[in-house]
Amino acid sequence: MIPTPVPIQRIRFDITGVVQGVGFRPSVARLAQGQGLHGFVQNQAGVVRIEVEGHADALRAFETALQQLPPPCRIDHIEQLTLPPEGDRRFRIEDSTNPGAGIPTLLPDTVTCPECLAEMRDPLNRRYRYPFISCAVCGPRYSISEAQPFDRARTALGDFPMCDACAAEYRNSTDRRFHAQTITCPTCGPTLSLVTMTGKLLANRDKAIETAAARLRNGEIVGLKGLGGFQLLVDASNSDAVQRLRLRKRRPAKPLAVMVGSLDEASLHVALDSGAHTLLTDRAGAIVLLKRCGDAIAAEVAPGSPMLGVMLPSSGLHALLLDACETPLVVTSGNASGQPIAIDNEEAARDLAGIADCLLVHDRRITHRLDDSVVQLIAGKPQMLRRARGHVPLTMPFAGPRGMLACGAHQKNTVAVSLGGVAVMSQYNGDLDSVAAREQHGTASRELIGLLDAPPARVIVDANLDYASAMAGEALAATANAELVPVWHHLAHLHATASEHGVALPFTGFAWDGSGIGGGNVVRGGECFALDTNGARRVASLRQFPLPGGDRAAEEPRRAALGLLFALEGAAALEHPAIIAAFTRAERAALLTMLQGGVRCPASTSIGRLFDGVAFLLGVARECSFEGEAAMQLQFAAEAAMGAEPLPFGLARGELDWRPLLQALLEGIECGDAPATLAARFHATLAAMTVRVAQSQGLERVVLGGGCFQNRLLVELADQALRSAGFSVFWPQEVPANDGGLSFGQLAAAHMGHLVADEGPYD
Ligand SMILES: [Zn+2]
Ligand SMILES: [Zn+2]
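Sequential numbering from 1 applies to the sequence shown in UniProt numbering.
This is the structure we're talking about:
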């Protein structure tokens, strides 16, 4: 009997996920060849297309193996189609097609992988001590990419043609660098040099690393061209050097981060648990805020803070430099005060003159400015404080339609675009006070618009139309003939969290931060809303108090304290001992006139300023050299005294009354209660406020958003209190709680039609 011929089938797989620039195509080729299947794999804009033909059981085995490819590959979705066989005789990796419509696969930079680092330290390897080592799964991506999809010709490495040895690895399907777009070696790759601030060459290649390390050990400040931009480095164990960096960078107190060579080394400076391990070794390579221990790091690195930001080497270059220095290094953004991070050598020479002593540079261009990401752990879960290198431009699930651009806030600016099913948030553009930062905002906006195939239909801006981001949005909307959609600041904060977690309406939301526009001539920042399909309602707000001097109150906690005291007890506030100590007699007279006449004393509902005022009265913070400094000090004080009971407060007619709380704190101070205990009770009271308001609404889901929820203790206490009261609680994790997450929230708020809120009804 003649056996029936086994039919040949052909199947097409269109795959989305993290499947480009991560060695996906070579892995697919190996799987197909292993099953004796023929066909091709090809990067297309937004998807990887595979067509394979062969016997049914081989195809099934191929599909199963495909689903099980290890990270960093991540398959989100597979679209399958059966096709007539075409009689292919082999399996091939085809060139990428030109980008078209759809969702582009955008790749974040990844830190150098352990295999590459091991090769770099192996004297027998041809990439021994080669700082730009990378492979199919690691290395620069977004920071060097010029267009989609990710292929060498469309990156800054297009400037560096592969040598024969690299080309052979690139073609060899059993090599770690098979089809690696970033493959280079000492023969064909970028070169490193150490130069003076005026561009005079000091040393090249390996010698450049040795010389830079010697200078760092000597206390000098080195500007290093990192993955997403320049960084300023200094010996973290050298107090004088760290102080010099602070002085030159005009950054008196804001904590600096430290880079160490390994996990073992990190454990000498910070407490490591499994969550910290995971974050530190994550391929994104973010700065992780952890509890510090030991005293090898100079106190000036993070003055007054029990925490320390730590990261592991992000590239071979960083690893070699740390090896040579044999000391942890402070690593901070290479920018002049208020300017975006420098990315090219000329920019660095100009912006870092007067800050850095020399520059360690190379000739690989940076195409996207990317600051280092910063993440902390709350209740064992990561919370992003700055979402940048390693995370941008990964897409995030987003329920709204394609074609919306959100322009973000004024501070910690990011922009975002909706692509239908997903959204992309830009890199961190910083505060938009400088011309350069506003230009960066424009560049980021244009780039995101470029991901759309048509101009945006809606441009979303903050309701504060004086924000530079809102003005830029107005201009963009006019050019694109798009609808301009202003959104209340605090509704955007809530939607950022809700959208991140896919929280369904209705929910009660707490948007607590420093200041934002959202109804009336009031500096808002203590808002509670109920959101449902009919719209948004403000259900409670912090009782108003005046901010003498307006914006200056954000830098001077004594002003917030005075405003609170004045609202509590009128003119007697000026006789409070802490106020007498903080202002001269003449200042107090002038402030009293201002307060009584309501001159330059805007009304405020800001929880951020409540934190400042209380921190001042408890004596834990005198000034804010950076936003939120006083609130951080209050948190640190409170964390030293856990398990405190809440103090009294009021809730009536939509007003959260802080006066009983402040009264109790003042009495506590008078009785000599420890500031740490009072700080802890203050935090517990805020958590109790969320429960009381949530209970008044009776909605099962509660959403937290806004900069106050970067406060680890506040989040933990509120989360705990709300959950024990039976609520489901959602707080910011992937999307920053601060204004860095606002653009994403603006998209979601606009999509849900929550642009403004009604008032009440209260009680
Ligand atoms: Zn690698
Ligand atoms: Zn080469």
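From the three backbone atoms N, C-alpha and C, an ideal C-beta is built for every residue, glycine too.
Around the beta carbon of Asp513, 16 or more other beta carbons lie within 10 angstroms, which makes this residue buried. Three or more Cβ pairs drawn from the stretch 602-618 and the stretch 671-686 lie within less than 8 Å of each other, which places the two stretches in contact.
In the assembly as shown, Thr187 is an exposed residue. Its beta-carbon has fewer than 16 other beta-carbons within 10 Å. Beyond the five residues adjoining it in sequence on each side, Ala271 comes within less than 7 Å, by CB distance, of Leu290, Lys291 and Cys293 in the same chain, given in chain order. A residue is called buried once 16 or more other Cβ atoms fall within 10 Å of its Cβ, and Cys671, having fewer, is exposed.
For Cys358, the CB stays at least 6 Å from every heavy atom of ligand 2. Excluding five sequence positions before and after Cys135, the CB atoms of its chain that fall closer than 6 Å to its own CB belong to Cys116, Arg176, Arg177 and Ala180, given in chain order. Neighbourhood of ligand 1, defined by CB distance below 5 Å to any of its heavy atoms: Cys113, Cys116, Cys135 and Cys138, in chain order.
Bridge pairing for Thr82: Ile11 [DSSP]. Ala536 places its beta carbon 7 Å or farther from that of Asp462. By the CB criterion at 7 Å, Gly707 and Ala737 fall inside the cutoff. Taking 7 Å as the cut-off, the beta carbon of Thr605 is found no closer than this to the beta carbon of Gln697.
Sequence-distant partners of Asp282 (beyond 5 residues in either direction) whose C-beta falls short of 6 Å from its own C-beta are missing from its chain. By the C-beta density criterion, Phe626 is exposed, having fewer than 16 other C-beta atoms within 10 angstroms.
Its Cα nearest to that of Thr112, the residue Ser314 stands out among Gln663, Val693, Ser314 and Met752. Remark: C-beta atoms of Arg701 and Ser728 approach each other more closely than 7 Å.
Exclusion of the five residues before and after Met162 leaves Tyr170, Ile183 and Cys188 as the residues of its chain whose Cβ lies within less than 7 Å of its Cβ. Listed as beta-bridge partners of Trp512 by DSSP are Gly526.
Between Gly519 and Val415, the alpha-carbon positions lie close to 24 Å from each other.
When the alpha-carbon of Asn204 is set against those of Thr191, Ala213 and Val47, the nearest one is in Thr191. Exclusion of the five residues before and after Ala631 leaves Phe611 as the residues of its chain whose Cβ lies within less than 6 Å of its Cβ. Note on geometry: alpha-carbon atoms of Ala457 and Val485 lie some 10 Å from one another. Within the same chain, and ignoring the five residues on either side of Asn43 in sequence, the residues whose Cβ sits closer than 6 Å to its Cβ are Gln20, Ser96 and Pro149. Taking a 10 Å sphere around the C-beta of Ala208, we find 16 or more other C-beta atoms and assign the residue as buried. Those residues having their beta-carbon less than 6 Å away from any non-hydrogen atom of ligand 2 are, in chain order, Met162, Cys163, Ala165, Cys166, Thr184, Cys185, Thr187 and Cys188. Residue ranges of uninterrupted alpha helix (DSSP H) with 4 or more members, entirely inside the stretch 273-333 and ordered along the chain, are 274-280 and 316-325. With fewer than 16 other CB atoms across the displayed protein chains lying within 10 angstroms of its CB, Asp453 is exposed. Taking Pro252 as the centre and dropping the five residues before and after it, the same chain places the C-beta of Arg246 and Ser625 closer than 7 Å to its C-beta, in chain order. By the beta-carbon neighbour count (other beta carbons within 10 angstroms, threshold 16), Ser743 is buried.
A check of alpha carbon separations from Leu476 across Leu81, Ala504 and Ala444 identifies Ala444 as the nearest. In the three-state reduction of the DSSP assignment, Val19 falls in the coil class, being assigned neither a helical nor a strand state.
Counting only the Cα atoms, Arg126 lies some 10 Å from Ala165. Annotation: Ser418 to Ala492 spans about 15 Å, alpha carbon to alpha carbon. In its chain, beyond the 5 residues on either side, no residue has a beta carbon closer than 7 Å to the beta carbon of Glu63.
Ser728 is bridged by DSSP to Arg701. Counting C-beta pairs with one atom in each stretch, the stretch 548-563 and the stretch 590-605 have three or more that are closer than 8 Å, which means they touch.
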